[in-house]
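Everything on this sheet refers to the single structure shown next.
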Amino acid sequence: MDIAELIHTTETVSIRNPKRHQCTWPGCGKSFSRPSDTARHYRIHTNDRPFRCDIPWCGKRFIQRSALTVHLRTHSGERPHTCEFDGCGKSFSDSSSLARHRRIHTGNRPYRCQVAGCSKSYTKKMFLIRHEQKCHGRPQPRVITPPSALAILPLTSSSSSSVSSSSTSSPSPSSLSPLTPITNPVTLLPPPPCCSHPTSPPLTRTLSSIFNESSASLFATM
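Residue numbering for the sequence shown follows our numbering, starting at 109 and increasing by one per position.
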């Protein structure tokens, strides 16, 4: 039995009996006929789960003991609740699942569409939700994508065209300003003896001569 069924069960019991014990959680206001029901309901707000599965690799926790008992049957494979209809013989681990299964035989459809003019009804609430989303445009639950999962957006047409135009266009020769030669010569030192080759001549060219030669060759090709 999940939390939704727990709330529904406590509300059903409280209809038959006076509601004398009210939940003190701010904004709740639900009331119950027995203090134990109120204490059990209060765990929904505090998320207190005192009943823990003792299977070493499981460790799941539950709000009430009956939910733990049903959960333990998933480990043991026990299905004590059997359908009594002839020719069926299906069995389930909890009575709530058996009650939902009986609706297949009885035709009971307690979940009815509340939209005006629609008479659809279903055996399960999730079937009703799917119907409302598909036929009546009920919004689906919003999923927030973390920033790390966001894909990198492609470049827009304007930005991509500007990038392509800037990369393909070349400046005209008239727009090039003449390079100013370096007048302060800097003599390049020869490599150390450990790195010099015996047959290589010493390096005596200056940085200014190399720069002036490259500038002259650049303007010669324009």
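For every residue, glycine included, the Cβ atom is placed at its ideal position computed from N, Cα and C.
Supposed close pair residue i, residue j - CB separation, criterion 8 angstroms
{"i": "F193", "j": "Q172", "result": "That belief does not hold up - the Cβ atoms of F193 and Q172 are roughly 29 angstroms apart, past 8 angstroms."}
{"i": "S201", "j": "T190", "result": "No, S201 and T190 are not in contact; Cβ-Cβ is about 11 angstroms, not under 8 angstroms."}
{"i": "S139", "j": "Q130", "result": "4 angstroms"}
{"i": "R169", "j": "R157", "result": "3 angstroms"}
{"i": "H153", "j": "C166", "result": "Incorrect: roughly 25 angstroms between the Cβ atoms, too far for contact."}
Counted within 10 angstroms of its Cβ, other Cβ atoms place residue i as buried (16 or more) or exposed
{"i": "A175", "result": "buried"}
{"i": "T288", "result": "Residue placement at T288 cannot be trusted, given a pLDDT of 49 that sits under 50; the coordinates are not used to answer."}
{"i": "S184", "result": "exposed"}
{"i": "V178", "result": "buried"}
{"i": "R238", "result": "exposed"}
{"i": "S203", "result": "exposed"}
{"i": "R128", "result": "exposed"}
{"i": "P262", "result": "Note that P262 has pLDDT 45, beneath the 50 cutoff, so the model's placement of it is unreliable and no number is given."}
{"i": "T214", "result": "exposed"}
{"i": "T146", "result": "buried"}
{"i": "H149", "result": "buried"}
{"i": "A259", "result": "The pLDDT assigned to A259 is 41, lower than 50, so where the model puts this residue is not dependable, and the model offers no usable value."}
{"i": "C243", "result": "exposed"}
Bridge partner(s) assigned by DSSP for residue i
{"i": "F200", "result": "H189"}
{"i": "Q130", "result": "S139"}
{"i": "F159", "result": "F170"}
{"i": "Y230", "result": "Y219"}
Chain D within 8 angstroms of residue i, Cβ atoms only
{"i": "P143", "result": "The question asks about chain D, but that chain is absent: this structure has only one protein chain."}
Should the region 206–219 be regarded as contacting the region 229–248, the criterion being three or more beta carbon pairs within less than 8 angstroms? yes
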